[in-house]
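Counted the way full-length UniProt numbering counts, the sequence shown spans residues 7 to 851.
Just so it is clear, CB atoms sit at the ideal spot from N, CA and C, and this is done for glycine as well.
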Amino acid sequence: QTIFLADYTPPAYLVEDVHLTFRLAPSATRVISRIRFVPNPDAKSRDFFLHGQELTLIRATIDGAEVTPEITEAGLTCAVPDAPFTWEAEVEIDPAGNTALEGLYMSNGMYCTQCEAEGFRKITYYPDRPDVMAPFTVRIEGDAPVMLSNGNPTGEGRGWAEWTDPWPKPAYLFALVAGDLVAREDSFVTMSGKEVALRLWTRRGDEGKTAFGMEALKKSMRWDEEVYGREYDLDIFQIVAVSDFNMGAMENKGLNIFNTSAVLASPETSTDANFERIEAIIAHEYFHNWTGNRITCRDWFQLSLKEGLTVFRDQQFTADMRSAAVSRIEDVMALRGRQFREDNGPLAHQVQPDSFVEINNFYTATVYEKGAEVIRMLKALVGDDDWRRALDLYFDRHDGQACTIDDWLKVFEDTTGRDLSQFRLWYKQAGTPRLTVTDDFAEGTYTLTIKQQTPDTPGQTDKKPMLIPVAVGLLNPNGDEVVPTRVLEVTEAEQSFAFEGLAAKPIPSLLRGFSAPVILTRDTSAEERAFLLAHDTDPFNRWEAGRALAKDVLTAKVTGRDGPERPYLDALAALLRDEGADPAFKALALRQPGEDDIAQTLFDAGHSPDPDRIHDAAETLKQQAAEHLQDIIPRLAAEMTIDAPYAPDAEQSGKRALRLGLLDLTTRLDGGAEAEAVHAVADNMTLSLGSLGCLIEAGRAEAALAAFHARWQDDALVLDKWFTTQIVHAAPGDAVSIAERLSRHPDFNMKNPNRFRAVFGALAMNPAGFHAADGSGYRLMAEWIARLDPVNPQIAARMTTAFETWRRYDGDRKQMIRGALEGIARTPGLSSDSGEMVARILGAA
Ligand code: ARG
Ligand code: ZN
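Right under this line is the structure:
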């Protein structure tokens, strides 16, 4: 059943307040609700409907009198007075039997909830839509030592606890946690001098992994005050770590719930990348308190209103906490790896979709990461001062409301007097715009001509030109910047921009900082790319120049042409020798473009990519780089050793990243001897796991893998890494059989989303392995998706994206993938989550 944005109607009844009582029992929890409803003066209808799924209704009353509602699979209807009234109901639910991990469920003996987007309807009957906001009081009865909900604690006694959240909120922000938990406690004094208690809860045994998360929380709270003037608004802020969780984390008001992988960290068990991600997710969820909770979404078509903005804010935070250049490069790599892939395949959709079947399928890279890029462009267009003024107006005007993306854009129009109707197309046109640039130089005037075109996407053709900010700088042939960064506003299908008064033809640095989420092409020589890698003042574009060179090398190799190996390897050598360059930057420049990226590039150029050839090309280039750089590597690697105690900061992480990048090359020369030495003495997970990856690729990891398992078998998050690394680093011919063997390992457990992804997400990340020519990767993936679907439809549906690139490949592979997808589609009782995804991937929806 498809839901349309155009069908939005205001709720018939609003909720004045909510009282919930939970009598906890693993397979028979009772939920007693008392809800004050008032007719909505803005509504057209007076039909009373409450969402409810998988609930057993015990009794219901209206103003104290027993009623018998009409119940369907989706909810209930009932005759109600045409005036304010009190609804009371008691339902029974089964948290222990809830393997979908949506609603109230159990994880490791602890009760927890996930309600976004539509999980609250599995807890009790309620208008489960984000434009119904109410204050909640929650009483929890049970024998768990710790029982938590949103807001402030307002009472407790033997076997019960009460929490009150004074801030009106939609049901998707409800949370409850109960169990034998331990807390790291701290406090924060807000900018107006209010003291807030901070608690980070874990199960017993994980207390040692909470220090970093707590620091990240305090930094986030301070940053939101300093940069956006946003103060926290309750007496207490809590985070709970949960082992079984579908996503990264959830911003429930005052009680964030986190996947353990997104909050727990220690140097022995977590990599530098883990630390960085945790800091960003803690910031993200905390920032939602204003962009998401105080100001929420009117309906789920507005999801990017809160997610795009909050991702943008967490990206700004990371840029401030770490290296701005490095974090921008990492953001763009992630955008290209996931969002461009999505936007250029059958799952392409708008940042603001017009329709959906299952909203959980739209928590995507497009809604999140492209949504954040749209916000970034908006900021670039209006400038920093108007950005800040507009945000102040947004918080002021819309506090306490459930808003739309149009409300957001109106704030910018009112602040700047600009008409943003063309800019709004970024929300409504799917697909990655293509920019083609040509240039010309005559009589001191340099002219850039930019053409734009957005390809057709499912259900959307004939796209209009968009407003695209293209940041440009010009360098002269000596390497000096003659025109500093200026933002060109491209609005037409084809448009020219002139730069006058130049002594010589300049070298353009285009799309600086990746100023728009587009694919830009311009005939550029290898010399010019090497020049930009050496001289550009924009660090993103320096990296981009090296990246483009590497892509040219790899695509040439795959298609059997002569590529610019020499200029690429020389430029790399020059960069590695450059004492002034940051190790983190060197490490990023050393990293080759991913095999999936090369596949898409080849497909765009009219080839059907061969995953094995791409893998071989990548391996050959690595070997060549190792040989070409062998004089530099040992000295540089030695410089990257760290004597200070481990710290997951930008500086040390950069050094370790470069050290591991070099170790990867050294492994091509010494067969893994040095990797073995590094692995033997590694006292942090970054070096331990990095060197283990090298050993796997060198084919000498058997003993190390066994020892790693023995050492970490009681640490689920480290064991996840053990599963993943074996598959990601497997030779293409072995990846599927290793994944298959690991799926039979006693530590494999498909009910745990992290563990399922550790195996099958990893298989999808080994393109040459997953796309094995015999179809074994497709069959294994499809079989497990079908098996998981009845247990956890959200994760099963998400995993189908492994197939989203199928149209790129040759006829045999296409046919095998189609067969695999049709097999999933035929599974009896398939969820609407997976059903929608498979239909869209096949192009049948
Ligand atoms: N709002 C959460 C976040 O961005 C994600 C929740 C996703 N939940 C879901 N069922 N898709 O941090
Ligand atoms: Zn979010």
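Residue from the options with nearest C-alpha to residue i
{"i": "E550", "options": "T647, Q321, A577, K563", "result": "A577"}
{"i": "F251", "options": "L725, T74, Y117, K628", "result": "Y117"}
{"i": "E201", "options": "R228, R210, K215, L182", "result": "R228"}
{"i": "P90", "options": "L675, F591, G485, A18", "result": "A18"}
{"i": "M139", "options": "L827, L179, D390, D13", "result": "L179"}
{"i": "E633", "options": "I284, A386, L668, L415", "result": "L668"}
{"i": "S113", "options": "N760, T324, S694", "result": "N760"}
{"i": "W718", "options": "S249, V269, S276", "result": "S276"}
{"i": "A268", "options": "A247, D278, L261, E274", "result": "A247"}
{"i": "P141", "options": "R209, F43, G163, D88", "result": "F43"}
{"i": "E231", "options": "L206, T196, S249", "result": "T196"}
{"i": "T410", "options": "V373, K385, S361, L309", "result": "L309"}
{"i": "N758", "options": "E124, P87, M253", "result": "M253"}
{"i": "P45", "options": "Q7, S39, D186, V86", "result": "V86"}
{"i": "Q428", "options": "L261, V380, G406", "result": "V380"}
{"i": "N755", "options": "M220, R793, A788, E703", "result": "R793"}
{"i": "E534", "options": "P133, D603, P573, D726", "result": "P573"}
{"i": "G829", "options": "L206, G849, Y784", "result": "Y784"}
{"i": "V233", "options": "A643, T170, L693, R395", "result": "R395"}
{"i": "A590", "options": "M691, L384, P523, L642", "result": "L642"}
{"i": "A448", "options": "T491, R430, G507", "result": "G507"}
Whether residue i touches residue j by CB criterion (8 Å)
{"i": "V765", "j": "I733", "result": "yes"}
{"i": "E645", "j": "H621", "result": "no"}
{"i": "A774", "j": "P651", "result": "no"}
{"i": "G157", "j": "K225", "result": "no"}
{"i": "A722", "j": "S697", "result": "no"}
{"i": "I474", "j": "P439", "result": "yes"}
{"i": "V493", "j": "A504", "result": "no"}
{"i": "A255", "j": "E282", "result": "no"}
{"i": "E498", "j": "T543", "result": "no"}
{"i": "L560", "j": "P512", "result": "no"}
{"i": "A378", "j": "V317", "result": "yes"}
{"i": "I335", "j": "H404", "result": "no"}
{"i": "N104", "j": "D839", "result": "no"}
{"i": "residue 891", "j": "C84", "result": "In this structure the chain extends from 7 to 851, so residue 891 is not present and cannot be described."}
{"i": "W306", "j": "A123", "result": "yes"}
{"i": "F609", "j": "R342", "result": "no"}
{"i": "K457", "j": "Q435", "result": "no"}
{"i": "Q356", "j": "Y433", "result": "yes"}
{"i": "T806", "j": "I847", "result": "yes"}
{"i": "R65", "j": "T811", "result": "no"}
{"i": "I99", "j": "L61", "result": "yes"}
Burial state of residue i, where buried means 16 or more other Cβ atoms lie within 10 Å
{"i": "D137", "result": "buried"}
{"i": "I245", "result": "buried"}
{"i": "R328", "result": "buried"}
{"i": "I823", "result": "buried"}
{"i": "S51", "result": "exposed"}
{"i": "G70", "result": "exposed"}
{"i": "T607", "result": "buried"}
{"i": "E79", "result": "exposed"}
{"i": "E76", "result": "exposed"}
{"i": "V687", "result": "exposed"}
{"i": "P47", "result": "exposed"}
{"i": "D420", "result": "exposed"}
{"i": "G465", "result": "exposed"}
According to DSSP, residues forming a beta bridge with residue i
{"i": "G81", "result": "H57"}
{"i": "M256", "result": "I263"}
{"i": "Y19", "result": "P45"}
{"i": "T527", "result": "T442"}
{"i": "A184", "result": "Y117, M153"}
{"i": "F142", "result": "V24, D171"}
{"i": "Q459", "result": "R440"}
Within-8 Å CB hit, residue i to chain C
{"i": "T35", "result": "Annotation note: the requested chain C is absent from the structure, which comprises a single protein chain."}
Cβ-heavy atom distance, residue i to ligand 4, below 7 Å
{"i": "T316", "result": "Ligand 4 is not among the ligands present in this structure, which contains only ligand 1 and ligand 2."}
Q. Counting Cβ pairs, one atom from each stretch, are 3 or more of them under 8 Å apart for the region 178-197 and the region 405-414?
A. no
Q | Three-pair Cβ contact test at 8 Å for the region 28-37 versus the region 140-155 | A | yes
**Q.** Stretch-stretch touch, CB-based, cutoff 8 Å, three pairs: the region 202-219 with the region 57-71
**A.** No, because fewer than three Cβ pairs between the region 202-219 and the region 57-71 fall closer than 8 Å, the two stretches do not touch.
Q) With contact counted as at least three CB pairs below 8 Å, one residue from each stretch, are the region 697-716 and the region 671-688 in contact? A) yes
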